[in-house]
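Visitor: Everything in the sequence shown is counted per full-length UniProt numbering, starting at 1 for the first residue and increasing by one. Even glycine gets a Cβ: it sits at the ideal position worked out from N, Cα and C. Quick caveat: nothing in here was measured; it's all calculated off a predicted structure.
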Amino acid sequence: MARRAPASIKEQSKKGKTFSFSALKTLPRFFKEIWRTSPKLFVTNFVARLLTAISPVALLWVGKLIIDEVILQISLDQQDLTQLWTYVGIELGIAIIADLLNRLINLTDGLIGDLYSNASSEKIIRKTNELTLEQLEDPDFYDKLERARQQTSGRVGLMSASLSQIQSIISIGSLIAGLIYFEPLLIILLVLSIIPSFINEAKYSSHRYSVARSWTAERRELDYLRFIGANNQTAKEVKLFGLTDYIAARFRKLSGDYYEINKKLSLKQSIYGSLFNVLGILSYYGAYIFIIFKVISGTLSIGELTFLSGSFNRLRNNLQGFFSRFTAISESSLYLRDYFDFLDIEVIDEATVYTPIPAEIKEGFEIRNVHFGYAGSDLEVLKGISFKIKAGEKMAFVGQNGAGKTTLIKLILRFYEPTKGEILLDGINISKFNKQEYRKRFGVIFQDFFKYEFSLRENIAVGNIGELTNDPMIHDAADRSLANQVVEVMKDGIDQQLGRRFAKGQELSGGQWQKVALARAYMKDADVIVLDEPTSALDAQAEYDVFERFIGLTKGKTSIIISHRFSTVRMADRILVLENGTVAEIGTHEELMSEPKLYEKLFNLQAAGYQ
Ligand SMILES: Nc1ncnc2c1ncn2[C@@H]1O[C@H](COP(=O)(O)OP(=O)(O)OP(=O)(O)O)[C@@H](O)[C@H]1O
1 MARRAPASIK
11 EQSKKGKTFS
21 FSALKTLPRF
31 FKEIWRTSPK
41 LFVTNFVARL
51 LTAISPVALL
61 WVGKLIIDEV
71 ILQISLDQQD
81 LTQLWTYVGI
91 ELGIAIIADL
101 LNRLINLTDG
111 LIGDLYSNAS
121 SEKIIRKTNE
131 LTLEQLEDPD
141 FYDKLERARQ
151 QTSGRVGLMS
161 ASLSQIQSII
171 SIGSLIAGLI
181 YFEPLLIILL
191 VLSIIPSFIN
201 EAKYSSHRYS
211 VARSWTAERR
221 ELDYLRFIGA
231 NNQTAKEVKL
241 FGLTDYIAAR
251 FRKLSGDYYE
261 INKKLSLKQS
271 IYGSLFNVLG
281 ILSYYGAYIF
291 IIFKVISGTL
301 SIGELTFLSG
311 SFNRLRNNLQ
321 GFFSRFTAIS
331 ESSLYLRDYF
341 DFLDIEVIDE
351 ATVYTPIPAE
361 IKEGFEIRNV
371 HFGYAGSDLE
381 VLKGISFKIK
391 AGEKMAFVGQ
401 NGAGKTTLIK
411 LILRFYEPTK
421 GEILLDGINI
431 SKFNKQEYRK
441 RFGVIFQDFF
451 KYEFSLRENI
461 AVGNIGELTN
471 DPMIHDAADR
481 SLANQVVEVM
491 KDGIDQQLGR
501 RFAKGQELSG
511 GQWQKVALAR
521 AYMKDADVIV
531 LDEPTSALDA
541 QAEYDVFERF
551 IGLTKGKTSI
561 IISHRFSTVR
571 MADRILVLEN
581 GTVAEIGTHE
591 ELMSEPKLYE
601 KLFNLQAAGY
611 Q
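#1: Tell me where the beta strand (DSSP E) around G443 begins and ends.
#2: Which whole-angstrom value describes the C-beta separation of L315 and L190, a residue pair presumed to lie in contact below a C-beta threshold of 8 Å?
#3: Under the criterion of a Cβ to heavy atom distance below 7 Å, does K239 qualify as lining ligand 1?
#4: Nearest CA to the CA of F449: which residue from G581, R226, D532?
#5: Please name the residue, chosen from I94, S38, W35, F30, that lies closest to W61 on a Cα-to-Cα basis.
#6: Excluding sequence positions up to five away, which residues of its chain have a Cβ less than 8 Å from the Cβ of F182?
#7: Give me, in chain order, the residues of the same chain whose beta-carbon lies closer than 6 Å to that of K410; leave out the 5 immediate sequence neighbours on both sides.
#8: Return the residue from the list Q447, I289, R500, P596 that minimises the CA-CA distance to T535.
#9: Quick check: the Cα distance between L538 and E237, rounded to an integer number of angstroms?
#10: Mind pulling the alpha helix (DSSP H) runs of 4 or more residues that sit fully within the region 130-174?
#11: Would you be able to state if there are at least three C-beta pairs under 8 Å between the region 501-516 and the region 431-441?
#12: Would you say the beta carbon of A403 comes nearer than 7 Å to a heavy atom of ligand 1?
#13: Leaving out five residues on either side along the sequence, give the residues of the same chain with a beta carbon under 6 Å from the beta carbon of V347.
#14: Helix, strand or coil, according to DSSP, for M395 in the structure here?
#15: For A359, which of helix, strand or coil comes out of DSSP?
#16: Beta carbon of E467: closer than 7 Å to some heavy atom of ligand 1?
#17: Checking 8 Å against the spacing of the C-beta atoms, do I302 and I71 come in under that value?
#18: Does the Cβ-Cβ distance between K390 and G581 come in under 8 Å?
#19: Does ligand 1 have even one heavy atom less than 7 Å from the beta-carbon of E590?
#20: With distances taken between CB atoms, is the gap from A521 to I529 smaller than 8 Å?
#21: May I ask you to check if the CB of V569 is nearer than 7 Å to at least one heavy atom of ligand 1?
#22: For R325, does the three-state DSSP call read helix, strand or coil?
#23: For G16, count neighbouring Cβ atoms within 10 angstroms of its own Cβ and tell me buried if that reaches 16, exposed if not.
#24: Buried or exposed: L592, going by 16 or more other Cβ atoms within 10 Å of its Cβ?
#25: Measure from the alpha carbon of R226 to the alpha carbon of each residue in I575, R252, A403, then state which is nearest.
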C-alpha cells in the first residue's frame, strides 16, 4: 500500500491555526440543510432553547427573592408567608418547565440528528455515483470520501452544539445583565479568568483536526487491516496462511503511532487546561470573598450574595462551556467542510447537448486508433487499437492476463475516455451520447461482479432494478442463465436471502453466484451484451449449456465475450486477439487457426491439456 508520510504535529499546527475559524463559514450552509430536513422540529427545538436560556437567571433571581423574604419574615413579629410561598411556587414552576423544555430539546435534537444523518448519508451515496471511476480510484478523492463519510455522527453533535451556543449566549447575556446591575467589577475578573483557557482549547482542537486530517490515509489503512483481520470473507485465507500475527502486528504498529501522536496532544491539552481551570476557580473565590465583604459592610443583602455568587459561578461555567463548545464547533466544522468539499467535487460531464443514440444499431462499433493509460500510472495499457464490431456480431476478446481486454470493455462502456483515438457507434463518437442513456443499451457482467448480500431476486433484478417485482421477467432471466437451478434448491426460492452476513442467509458456490450474476445481463432487452469471463467458475457441462443458450438467445444481437476457454471462444463469429495492448490478430476461429501465430499456439496448448 502506497504510504504518504503523515505530517508532524508542528507542520500541521501551522496549517491548523488558519483552518480553525474560517471553517465556521460552512455553518450557514449546514443550518440551511438542517432546516430543510425538518422545519417543524427545528422551530420547536429553537423555541425550547430560547425559553430554557433565561431559566438560570430567573431561578437565581427568584432564589434571591426567597432568601431576602425569609430573612425579612424572621425579623418580623407578625409573619405573613403568602409572598414567600408565592415565590417558592414560582421557582418550582420554573424548575418543572425548564426540565420539560430540556427533555423536548434532547428529543428534537435526537430526531433532527437522525434525519440529518440519514439525509447526508444518502447524499454521499448519490454523489459517489456521480463521480467517474477515475475520480474514485484517485487516493486523494478517496480520502475526501472517507472523511465525508466518517463524520456523520460528528455533524449531528455539531448541530446541537451550535444551537446550544445560541442558548448559551442568551443565558450569558441575562446573567451578565444581573452582574452589571449589582457589581460591574466582577465582569472584568470573569473575562480575565476565562480567556487563557479558551486560547488553549482553540489551539489544541485545531491541532487535533490537523493531525486527524494528515492521517486520513493511515486511518483508511487501519480500517482495511481491521476488515481483513476480522471478516468472514477473509477468514479462510487468514487461518490457512496464519496471517493473524502479521496483520495484528501491522495494525499495532500503525495504530500505536497514531495513538502516540494523539496522546501527546491530549496530555498537553489536559495539563494546560487544568492550569487554566485553576485560574478560573481562583477567580471565582476571589469574587466570592469580594461579595462577602460587601455583605458584611452592609452594601449587599444576603439574597444578593446568593444571587451574585450563583450568577458568577454559572456565568463562569457558561462562558467556559461557550468557549470550549466554540472550539469544538470550529473543529467539527472543519470536518463539515470536508463533507461539503466532497459534495462540491465537480462532476466531469462533457456535453450538455447530447447526440441522440441510434434507436437501432445498424453498422456497429468502430474502435479507431485507441490509446489508453490509467491515471496515476505510466503504463500505456492500450497502444493504438483499431477494429470493428459489426451490428449483430458475436465477438470474442482473447489474450493473456493484463493484455487489456477488460480495459477495452470499460472504454466501450465509457467508464474511462481514451487518451487518444475514438470509439464510434454507427459513425458517431460515443462521447457525444448521454452516458446514462448509452449504458442502458448494454447488458454487462464483469468478471469481478458484485455479490450483493440481498435476496436472490434482488441479485438478479439489479440488472434492471425497475423490474424488481416483475416475477415473469426475473424467472425468465434466471432460466436463460441457468440460475433457475439455483432458485430450485433454495428454501425460500427466489426470495432467498444470500450470503452469510444477515439472518437466514444462504451462501452460494462460485459457479452458483456466477449463474445468478449472469441472469442480470438478461434482465433487459439490451442491444449489446458483454460477458467478461462469465463462466470461469462453471463446470464444463454448465459452461457448454450456458453458451449454447447464449448463442441462441442473443441471435441478431451484438455481443462481446471475454474468455480464457477456447472451447467457448471458438463459438464466436470473430475473435480479437490482444497482445500487450495491441491487436495481434483478428478473424474467425478457422482463419486464426490457419496461421501459426498466438491464437493457434494458445488454442493448441489448451487442447493438449485436455488430452
Ligand atoms: N483500475 C486500474 N488502474 C490502474 N491500472 C489498471 C486498472 N485496471 C487494470 N489496470 C492495468 O491495466 C492492464 C490491463 O488490465 P485488464 O484488466 O484490461 O487486463 P485483461 O486483459 O482483462 O486481463 P485478465 O485476463 O487478467 O482479466 C494491467 O496491466 C492492469 O494492471
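Guide: With the given structure in hand:
#1: 442-445
#2: 6 Å
#3: no
#4: D532
#5: I94
#6: Taken in chain order, the residues that qualify are L300, E304, F307, L308.
#7: Y416
#8: Q447
#9: 22 Å
#10: Listed in chain order, the complete alpha helix (DSSP H) runs (minimum 4 residues) inside the region 130-174 are 133-137, 139-150.
#11: no
#12: Checking the 7 Å criterion, the Cβ of A403 is within range of a heavy atom belonging to ligand 1.
#13: Only E130 meet the Cβ criterion.
#14: strand
#15: coil
#16: No, the beta carbon of E467 sits no closer than 7 Å to any heavy atom of ligand 1.
#17: yes
#18: no
#19: no
#20: One thing to note: A521 has its Cβ within 8 Å of the Cβ of I529.
#21: no
#22: helix
#23: Note that G16 scores a pLDDT of 43, beneath 50, so its modelled location is shaky; the value from the coordinates is reported in the next line. Its Cβ being crowded by 16 or more others within 10 Å, G16 is buried.
#24: Burial state of L592 is buried, judged by a 10 Å Cβ sphere holding 16 or more other Cβ atoms.
#25: R252
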